[in-house]
Amino acid sequence: MAEVKSRKDDHIKICLKRDVQARGTSTWLEHVWLIHSAVPAADYEAIELRTSFLGHEFSAPIVVSAITGGTKLGASLNAAIAEAVEELGLGMGVGSQRAALEDPGVASTFKVARERAPTAFIMANIGYSEVARGLPLSKLEELVSMIEANALAIHLNPLQEVVQAEGKPGGQAFLDRLAEITDHLGVPVVVKEVGSGISAEVARELERRGVAAVDVAGAGGTSWAAVEHYRALKAHDELRARLGQTFWDWGIPTAASVLEVACTTSLSVIASGGLRTGLDIAKCLALGADLAGLAWPVLREAIKGPKAVKWLLEALMEELRATLFITGCKRLADLRSKPVVLTGPLAEWVRARGLDIRRRSQRPLGLGS
Ligand SMILES: Cc1cc2nc3c(=O)[nH]c(=O)nc-3n(C[C@H](O)[C@H](O)[C@H](O)COP(=O)(O)O)c2cc1C
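With the numbering used here applied, the sequence shown corresponds to residues 1277 to 1645, in that order.
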């Protein structure tokens, strides 16, 4: 139990001090071209960023991805993020709540998110390996009620489970339990990756089992193989350090993963993994995503406090508004019907995978049960 908590703080410290970003690949968003419109469709101030996601109103399509909880440091980061998203009308996920199941004494480090963000969209969080190993539905309900969550996110992190010394890399048992969970849990279930992306095949399996939304968390941003590489180096575990190096850049680049899910399912889609600007967010929405998530850039601000988080989120909103303005859009939904040009490896990927990118423009933006 103490081990889970200190591991969570290790992760934060490594993410803040070491270079844990993808290095040999990218999100491939540089291969997505939106077309400049020299005549804007609306005055800048009239551009509308509002949207809805899983029945909740957002002032802009931005959510802070799951990061932390379980420790004193986690509590202060959750508080900073929650204050900022509440003020701006955005959303957030808390980090894995496993520590609170094992030690109810740390529930407050997650609850602080709801206390500081009474009206914002907040997602509860647990790993797929806990679900695979039989965590009962009543415990999942406990995670949701702990923070009065609007949705439960279950994270898929098979690569991290392999590289991490304490990992428990489970298989199909997670899928076997999923339909029962989506049927009976009182809130929508979101399934997310943590930096290696979701394929069309996996997305279809999730859709069949009643999942409401997928957060692709594709490759090109924070690499969990990298984070665990550094932990293994410190523990003098040469094999795991090597595994972390080998799989540092493993995964489906974010732009490809958004298309994989958006062009083959009706799932709501959160784009994340390496998104760093409002322009990145706009490109993902044009590819078919409904919301965009960021973790690492927010972590670096949250350590300074709520004002710094708010500044970053406002900058992202401004960049998103600017992108709508110069692509001739009045509102977010217009991005879907504008042409996009895909080049380089992303274009090859779309061809090789037989993805019909016209489907992105047939998707209504921001709907969902
Ligand atoms: C310090 C840190 C801790 C994280 N902990 C969790 C977690 O507990 N649960 C989870 O689903 N994802 C977790 N993530 C993954 C993020 O939610 C996100 O999917 C991933 O970092 C990719 O986004 P990024 O490139 O913007 O960082 C964590 C990320 C960071 C940086």
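Even for Gly, the Cβ is constructed at its ideal location relative to N, Cα and C.
With 16 other Cβ atoms within 10 Å as the buried cut-off, status of residue i
{"i": "Trp1587", "result": "exposed"}
{"i": "Thr1347", "result": "buried"}
{"i": "Pro1412", "result": "exposed"}
{"i": "Arg1634", "result": "exposed"}
{"i": "Gln1638", "result": "exposed"}
{"i": "Ser1645", "result": "Bear in mind that the predicted position of Ser1645 carries a pLDDT of just 35, short of 50, making it unreliable; the figure below should be weighed with that in mind. Flag for Ser1645 reads exposed."}
{"i": "Thr1498", "result": "buried"}
{"i": "His1307", "result": "buried"}
{"i": "Glu1391", "result": "exposed"}
{"i": "Leu1292", "result": "exposed"}
{"i": "Ser1341", "result": "buried"}
{"i": "Ser1384", "result": "exposed"}
{"i": "Ala1314", "result": "exposed"}
{"i": "Glu1442", "result": "exposed"}
{"i": "Gly1369", "result": "buried"}
Closest residue to residue i among the options (Cα-Cα distance)
{"i": "Leu1366", "options": "Arg1627, Glu1333, Ala1400", "result": "Glu1333"}
{"i": "Pro1550", "options": "Ser1421, Lys1289, Val1296", "result": "Correcting the residue identity first, residue 1550 is Gly in this sequence and not Pro. Taking only the C-alpha atoms, the option nearest Gly1550 is Val1296."}
{"i": "Arg1299", "options": "Pro1529, Gly1462, Ser1341", "result": "Pro1529"}
{"i": "Ala1449", "options": "Lys1415, Ala1351, Gly1403, Ala1318", "result": "Gly1403"}
{"i": "Leu1377", "options": "Glu1417, Phe1329, Ala1351", "result": "Glu1417"}
{"i": "Arg1283", "options": "Gly1371, Gly1331, Asn1354", "result": "Gly1371"}
{"i": "Gly1599", "options": "Leu1428, Leu1292, Thr1458, His1312", "result": "Checking the sequence, you will find Thr at residue 1599 rather than Gly. Of Leu1428, Leu1292, Thr1458, His1312, the residue nearest in Cα terms is His1312."}
{"i": "Leu1408", "options": "Leu1535, Arg1453, Asp1632, His1460", "result": "One point to set straight first is that residue 1408 is Ala, not Leu, in the sequence displayed. Taking only the C-alpha atoms, the option nearest Ala1408 is Arg1453."}
{"i": "Ile1398", "options": "Ile1423, His1431, Leu1519", "result": "Ile1423"}
{"i": "Gly1620", "options": "Arg1392, Ile1290, Ser1302, Asp1285", "result": "Ser1302"}
{"i": "Ala1591", "options": "Gly1331, Ile1338, Arg1636, Glu1442", "result": "Ile1338"}
{"i": "Ala1565", "options": "Gly1581, Arg1576, Ser1548, Ala1571", "result": "Ser1548"}
{"i": "Ala1502", "options": "Arg1480, Glu1483, Gly1527", "result": "Gly1527"}
{"i": "Val1438", "options": "Leu1519, Leu1567, Arg1607", "result": "Leu1519"}
{"i": "Arg1552", "options": "Gly1443, Leu1305, Arg1294, Pro1640", "result": "Leu1305"}
{"i": "Gly1410", "options": "Pro1582, Asp1379, Leu1451, Gln1436", "result": "Leu1451"}
{"i": "Ser1405", "options": "Ile1290, Gly1446, Ala1375, Ala1396", "result": "Gly1446"}
{"i": "Leu1349", "options": "Leu1567, Val1382, Ser1328, Thr1395", "result": "Val1382"}
{"i": "Ala1396", "options": "Ala1425, Gly1630, Ala1476", "result": "Ala1425"}
{"i": "Arg1636", "options": "Leu1589, Gly1581, Lys1580, Leu1535", "result": "Leu1535"}
{"i": "Gln1521", "options": "Glu1362, Phe1329, Gln1440", "result": "Gln1440"}
Residue i at chain D interface by Cβ criterion, 8 Å
{"i": "Lys1614", "result": "Here chain D cannot be found, since the structure has a single protein chain."}
Rounded straight-line distance, which links the Cα of residue j to that of residue i
{"i": "Ala1358", "j": "Ala1455", "result": "31 Å"}
{"i": "Cys1488", "j": "Val1465", "result": "The sequence shown places Ala at residue 1488, not Cys. Whole-angstrom Cα-Cα distance: 6 Å."}
{"i": "Leu1643", "j": "Glu1514", "result": "Note on Leu1643: pLDDT 47, under 50, position unreliable in the model; no value is reported."}
{"i": "Met1593", "j": "Ile1557", "result": "9 Å"}
{"i": "Trp1524", "j": "Ala1322", "result": "43 Å"}
{"i": "Arg1507", "j": "Trp1500", "result": "11 Å"}
{"i": "Ile1288", "j": "Glu1595", "result": "27 Å"}
{"i": "Arg1607", "j": "Glu1483", "result": "28 Å"}
{"i": "Val1280", "j": "Glu1481", "result": "30 Å"}
{"i": "Val1478", "j": "Asp1286", "result": "30 Å"}
{"i": "Gly1331", "j": "Leu1509", "result": "45 Å"}
{"i": "Pro1711", "j": "Pro1394", "result": "This structure cannot speak to residue 1711, because the chain is shown only from 1277 to 1645."}
{"i": "Leu1589", "j": "Thr1603", "result": "21 Å"}
{"i": "Ala1511", "j": "Phe1329", "result": "42 Å"}
Same chain, Cβ closer than 6 Å to residue i, neighbours up to 5 away in sequence not counted
{"i": "Tyr1320", "result": "Phe1601"}
{"i": "Val1617", "result": "Trp1309"}
{"i": "Asn1433", "result": "Val1470"}
{"i": "Lys1468", "result": "Ala1429, His1431, Asp1491, Ala1493"}
{"i": "Arg1294", "result": "Tyr1506"}
{"i": "Ala1584", "result": "Glu1577"}
{"i": "Pro1582", "result": "Ala1356, Glu1359, Ala1360"}
{"i": "Ala1531", "result": "Thr1303, Trp1304, Leu1305, Val1308, Leu1622"}
7 Å Cβ shell around residue i - same chain, five flanking residues per side excluded
{"i": "Ala1628", "result": "none"}
{"i": "Cys1701", "result": "With the chain covering 1277 to 1645 only, the question about residue 1701 has no answer from this structure."}
{"i": "Ser1335", "result": "Leu1325, Arg1326, Leu1364, Gly1365, Leu1366"}
{"i": "Thr1458", "result": "Val1465, Arg1485, Gly1486, Val1487"}
{"i": "Ser1533", "result": "Gly1473, Ile1474, Val1492, Gly1494"}
{"i": "Gln1373", "result": "Gly1345, Phe1386, Ala1400, Asn1401, Ile1402, Leu1419, Met1422"}
{"i": "Pro1573", "result": "Arg1552, Leu1588"}
Spatial neighbours of residue i in its chain, beta-carbon cut-off 8 Å, leaving aside the 5 residues before and after
{"i": "Leu1461", "result": "Leu1413, Leu1416, Glu1417, Val1420, Leu1428"}
{"i": "Asp1632", "result": "Cys1539"}
{"i": "Val1388", "result": "Ala1351, Asn1354, Ala1355, Ala1358"}
{"i": "Ala1571", "result": "Val1340, Ser1341, Ala1342, Ile1343, Gly1497, Thr1498, Ser1548"}
{"i": "Gly1554", "result": "Ala1591, Leu1592, Met1593, Glu1594, Glu1595, Leu1596, Arg1597, Ala1598, Thr1599"}
Any non-hydrogen atom of ligand 3 within 7 Å of residue i CB
{"i": "Thr1498", "result": "Ligand 3 is not part of the structure shown, which contains ligand 1 as its ligands."}
Notebook entry, point to check: Any chance the region 1561-1581 sits against the region 1611-1625, with 3 or more Cβ pairs inside 8 Å?
Noted result: Put simply, the region 1561-1581 touches the region 1611-1625. At least three CB pairs are less than 8 Å apart.
Margin query: Across the region 1312-1319 and the region 1622-1636, are there enough close Cβ pairs to call them in contact, namely three or more that are closer than 8 Å?
Written below: For the pair of segments examined, the region 1312-1319 was found not to touch the region 1622-1636: the number of CB pairs separated by less than 8 Å stays below three.
Checklist line | Inter-stretch contact at 8 Å, needing at least 3 Cβ pairs: the region 1537-1549 / the region 1481-1498 | finding: Contact check between the region 1537-1549 and the region 1481-1498: three or more CB pairs, one atom from each, fall below 8 Å, which counts as touching.
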